[in-house]
Amino acid sequence: MNKQRQKEIDDLRARIEALQAEEQREAEQKKAIEDLHAQLEKGLEKVGISLDEYVKANIKLYKKAVAMAENKAVAKAKRSSGSSIKIPAGRYGNIPSAPGKVFQVKEKGPRPKAVKAYAEEVGVDVFLSQCKLG
Numbered sequence: 094m095n096k097q098r099q100k101e102i103d104d105l106r107a108r109i110e111a112l113q114a115e116e117q118r119e120a121e122q123k124k125a126i127e128d129l130h131a132q133l134e135k136g137l138e139k140v141g142i143s144l145d146e147y148v149k150a151n152i153k154l155y156k157k158a159v160a161m162a163e164n165k166a167v168a169k170a171k172r173s174s175g176s177s178i179k180i181p182a183g184r185y186g187n188i189p190s191a192p193g194k195v196f197q198v199k200e201k202g203p204r205p206k207a208v209k210a211y212a213e214e215v216g217v218d219v220f221l222s223q224c225k226l227g
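Just so it is clear: in the sequence shown, position 17 is 110 by the working numbering, and no numbers are missing.
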């Protein structure tokens with residue numbers, strides 16, 4: 094059990110480091126965008142063009158960029174929602190959402206929602222040790 098806990102701790106530390114690095118990148122990107130926006134406004138002011146006129150002149154470019162960003166966000170959400178857990182074939186019971194029920198999981202085919210949800214919640218190793226029936 095100690096090795097498993099240590100592995101979970103190491104995984105969480107790695108996840109924290111990755112999130113901190115991502116947060117730092119986002120902060121740097123936000124600062125760069127703010128600086129670039131300030132430079133753009135100064136340049137437009139120097140030439141005598143308002144920001145509204147500039148955007149109207151380049152509306153096609155901005156619409157395309159916004160559409161691409163929205164498509165990436167939707168694709169990322171779809172990709173991240175997929176489950177990567179592997180539940181081996183067998184009989185499973187002791188599922189909290191369906192007490193007393195025994196689920197038969199075949200080698201091929203979809204896994205029952207209750208089994209899959211509980212395995213994702215507690216982790217596959219814990220799930221197998223608690224719920225796998227002979």
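The beta carbon of each residue, even a glycine, is placed where N, CA and C say it ideally should be.
Quick one, are the C-beta atoms of lysine 216 and valine 198 less than 7 Å apart?
At residue 216 the sequence reads glycine, which differs from the lysine that was named. Their beta carbons are not under 7 Å apart, which means glycine 216 does not touch valine 198 by this criterion.
Sorted by chain position, which residues of the same chain lie with C-beta nearer than 8 Å to isoleucine 178's C-beta, five sequence neighbours on each side aside?
For isoleucine 178, the CB contacts under 8 Å within the same chain, skipping 5 residues up- and downstream, are Lys209, Ala212, Glu213, Val217 in chain order.
With DSSP run on the structure shown, which of helix, strand or coil describes valine 217?
Residue state, collapsed to three classes: helix.
Could you check the C-alpha separation between arginine 46 and leucine 112 for me, to the nearest Å?
Because residue 46 is not part of the residues shown, which for the chain are 94 to 227, the question remains open.
Return the Cβ separation of cysteine 224 and asparagine 187 in integer angstroms, given the expectation that the two are a contact with Cβ distance under 8 Å.
Confirmed, about 5 Å.
Bounding residues of the alpha helix (DSSP H) (the contiguous stretch that carries arginine 204):
Unbroken run through arginine 204: none, as it is neither H nor E.
Close beta carbons around leucine 137, own chain, < 8 Å, minus the five adjacent residues each side:
Hits under 8 Å: Ser143, Leu144, Tyr147.
Please report the straight-line C-alpha distance between proline 203 and lysine 157, rounded to a whole angstrom.
One C-alpha to the other measures close to 39 Å.
Specify the secondary structure class of glycine 183 as computed by DSSP and reduced to three states.
In the structure shown, glycine 183 falls within a strand segment according to DSSP collapsed to helix, strand and coil.
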